[in-house]
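J.: Pasting a structure here, questions to come.
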Amino acid sequence: MTIIFSLFLLSLLVVTALAMIRTTNLFVAAMLMSIFSLLMAANFFILDAADVALTEAAVGAGVTTVIFLSALRLTSQHERGPLASRRWIAKIVVVVTTMLLLYGTFDKPRLGDPNAPVHLYVAPYYLENTEALMGFPNVVTAVLSSFRGYDTLGEVFVVFIAAVGVMFILDARQGKGPEYEMPEAGLKHHLIPRAVGALLIPFMLLFGLYVQFHGEYGPGGGFQAGAIIATAFILYALLEGEKTALNAFSRNAQMVLIVCGSSLYGAVGVICMLKGGTFLDYSVLLDDPVAGRQAGIIIIELGVGMAVCGALLSIFHAFAARRPMVANR
Amino acid sequence: MSVADLTGYFNHVVFAILLMLGFYAVIAKGNLIKKLVGLSIFQSAVFLMYISMNKVDGGTAPILQKNVVDQIYSNPLPQVLILTAIVVGVATLSLGLAIVVRIHERYGSIEERELLDAD
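Quick look at the structure:
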């Protein structure tokens, strides 16, 4: 039964991707992207990746769609015809490469093969030692924040740099001349979104905090929690308008959140060194190595959550606070 | 080739098709936003490949269960790699969108042909 369901979901993915490419209305493409992400999240869940499914649902289907739509507001909604000269060459290249990829596919281990090379090295070590070394059951969180802590630190810095880059490119101090449209007031005057939003936001925040602090025991962690909390604030901004949202949670506060989050992560690493261990070796933080690792992981997950939440919010506000030019509409 | 073989390779076939659909949008479409849509399909295809690799027959999500013996768990490593990549993906996608917004403000168009004519 699961097999039929997963075949169905995978086929839907291909159909959605085809529709995304064929449509000339970019608004439709953005909505299809959201559906595509949701289908992808369902696929991940069937493939036993609960943490990844949670991330894809929060980030892919939620935040990406909103950022895409706010970028479309600043550009144009319709795509003019494709480059006819290049279409045929592109089709030939794509078909030939697909054939090569399919030819290579049948040398890969089949889905679920327990003897595939990927399952033979490192993964058994993680599965066997997480309980003894960390004292909590979620192996994904253990690998993310401790075994491969360097990797995650790098990823947090990439998110940080991307957020700073977006803020540089879309400067907040944009001109206020007559060529720019007035900022919109949000959905304040629409009863249903407002009533539903007011009900949803507190629960979204609560769920975000649960995912943040329960990440060691169930699916979750800093990345997912940061995205969920950012989604709650984005919903607030959509309902109440940019001005009210920025008064409640200013751009400077978002910047502080990003900087504090990523430096908290780095600082834990340095403290480990000062206490006589190696960089990001949390076992030296407390007298008991297992408790030390747990403390370190809780702190760096908090840092990840703060950095991701701040980065996604400041990216959203960089797009949403910018006013489109009247002439270009 | 049996039915089990076909279902066992279906994920990889979908990966190849999605990858190439995204690639097609990147090279054949003239609209800059459409190129970014293609790029994110391409990226999702890679995510699907990694997550397909983590599955083990009869396995479950890698959250250890107490008092259960001989439970098979799927591989946590590809999951960790993709989990962080998804968040990095949205950050880099928005960097691309920000550049597109600036191009639109400067040239009044996001069609590749019109941009080349304008220069």
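In the order they appear, the protein sequences are chains A and P.
Counting from 79, one number per residue, gives the positions in the first sequence under my numbering.
Counting from -7, one number per residue, gives the positions in the second sequence under my numbering.
Where a beta carbon is used, it is the ideal one built from N, C-alpha and C, also for glycine.
1. Within this structure, are the beta carbons of L173(A) and A308(A) separated by less than 9 Å?
2. I need the boundaries of the alpha helix (DSSP H) containing D62(P), first residue and last residue.
3. Exposed or buried, G298(A), counting other C-beta atoms within 10 Å across all chains shown (16 or more means buried)?
4. Note down, one range per segment and in chain order, each alpha helix (DSSP H) of at least 4 residues found wholly within the region 156 to 185 of chain A.
5. Considering D191(A), what are the terminal residues of the alpha helix (DSSP H) in which it resides?
6. At a Cβ threshold of 9 Å, is N406(A) touching chain P?
7. Taking 9 Å as the cut-off, decide whether the C-beta atoms of F301(A) and S148(A) are in contact.
8. Taking a cut of 8 Å between CB atoms, which residues from the region 231 to 248 of chain A lie near chain P?
9. For Q71(P), which residues in chain A fall below 7 Å Cβ to Cβ?
10. Specify the secondary structure class of R407(A) as computed by DSSP and reduced to three states.
11. Determine whether the beta carbon atoms of L87(P) and V244(A) lie at a separation below 9 Å.
12. Which full runs of the beta strand (DSSP E) of 3+ residues lie inside the region 283 to 361 of chain A, going along the chain?
13. With distances taken between CB atoms, is the gap from V386(A) to A305(A) smaller than 9 Å?
14. Cα separation between R98(P) and M98(A)?
15. Could you list which residues in chain P have their beta carbon closer than 8 Å to that of A194(A), in chain order?
16. Within the same chain, show all residues whose beta-carbon is closer than 6 Å to that of A323(A), passing over the 5 residues directly before and after it, in chain order.
17. In terms of DSSP beta bridges, what is E379(A) paired with?
18. Tell me whether T84(P) is buried or exposed, calling it buried when 16 or more other Cβ atoms sit within 10 Å of its Cβ.
19. For the region 174 to 188 of chain A, enumerate the residues whose C-beta is nearer than 7 Å to any C-beta of chain P, in chain order.
20. What separation, rounded to the nearest whole angstrom, lies between the Cα atoms of R188(A) and S115(A)?
21. Checking 9 Å against the spacing of the C-beta atoms, do T208(A) and L56(P) come in under that value?
22. Give the interface partners of A303(A) over in chain P, defined as CB-CB distance under 8 Å, in chain order.
23. Can you tell me where the alpha helix (DSSP H) holding F146(A) begins and where it ends?
24. Please report the distance separating the alpha-carbon of R164(A) from that of A17(P).
25. Against chain P, does G138(A) count as a neighbour if the rule is that its beta carbon must be under 9 Å from one of theirs?
26. Buried or exposed: Y42(P), going by 16 or more other Cβ atoms within 10 Å of its Cβ?
27. Who are the near neighbours of K27(P) in its chain, counting only those whose CB is closer than 7 Å to its CB and skipping five residues on each side?
28. Report the residue from I113(A), I124(A), M109(A) whose alpha carbon sits nearest the alpha carbon of I82(A).
29. Can you tell me whether DSSP reads N103(A) as helix, strand or coil?
30. Chain A beta carbons: is any one of them nearer than 9 Å to that of A110(P)?
31. With three or more C-beta pairs closer than 8 Å as the rule, is the region 220 to 240 of chain A touching the region 340 to 348 of chain A?
32. Using the DSSP secondary-structure output, state which residues sit across from N216(A) in a beta bridge.
33. For a contact defined as C-beta to C-beta under 8 Å, what are the partners of G16(P) on chain A?
34. Measure the CB-CB distance between L248(A) and R151(A) and report whether it falls below 9 Å.
T.: Per the coordinate set shown:
1. As written in the sequence, residue 173(A) is Val, which differs from the Leu given in the question. Against a cut-off of 9 Å, the Cβ pair of A308(A) and V173(A) comes out as no contact.
2. Segment: none, D62(P) is in no alpha helix (DSSP H) and carries neither H nor E.
3. buried
4. 162 to 183
5. Segment: none, D191(A) is in no alpha helix (DSSP H) and carries neither H nor E.
6. Low per-residue confidence applies at N406(A): pLDDT is 47, beneath 50, and the placement is therefore not dependable, though the value from the model is reported in the following sentence. Yes, because at least one Cβ of chain P sits closer than 9 Å to the Cβ of N406(A).
7. no
8. Answer in chain order: E233, V236, V237, A240, A241, G243, V244, I247, L248.
9. The CB of Q71(P) comes closer than 7 Å to the CB of A127, D129, V130, V218 in chain A, given here in chain order.
10. The predicted position of R407(A) is uncertain, since its pLDDT is 44 and thus under 50; no value can be drawn from it.
11. yes
12. none
13. yes
14. So the alpha carbons of these two residues sit roughly 27 Å apart.
15. Here the neighbours are M45.
16. Y314, A315
17. The partner list for E379(A) (beta bridge, DSSP) is empty, contrary to what the question assumes.
18. buried
19. T175, T176, L179, L180, T183, F184, K186, R188
20. 24 Å
21. yes
22. Neighbours of A303(A) on chain P: none; closest Cβ ~11 Å, over 8 Å.
23. 143 to 152
24. Spanning the two alpha carbons is a distance of roughly 11 Å.
25. So yes, G138(A) belongs to the interface.
26. buried
27. A17, V18, K21
28. I124(A)
29. Looking at N103(A) - three-state DSSP - the assignment turns out to be strand.
30. no
31. The count of Cβ pairs closer than 8 Å, one atom from the region 340 to 348 of chain A and one from the region 220 to 240 of chain A, reaches three, so the stretches are in contact.
32. Answer by DSSP bridge pairing, in chain order: I55(P).
33. Residue 16(P) is actually Tyr in this sequence, not Gly. Within 8 Å Cβ-Cβ: I99, A168, K169, V172.
34. no
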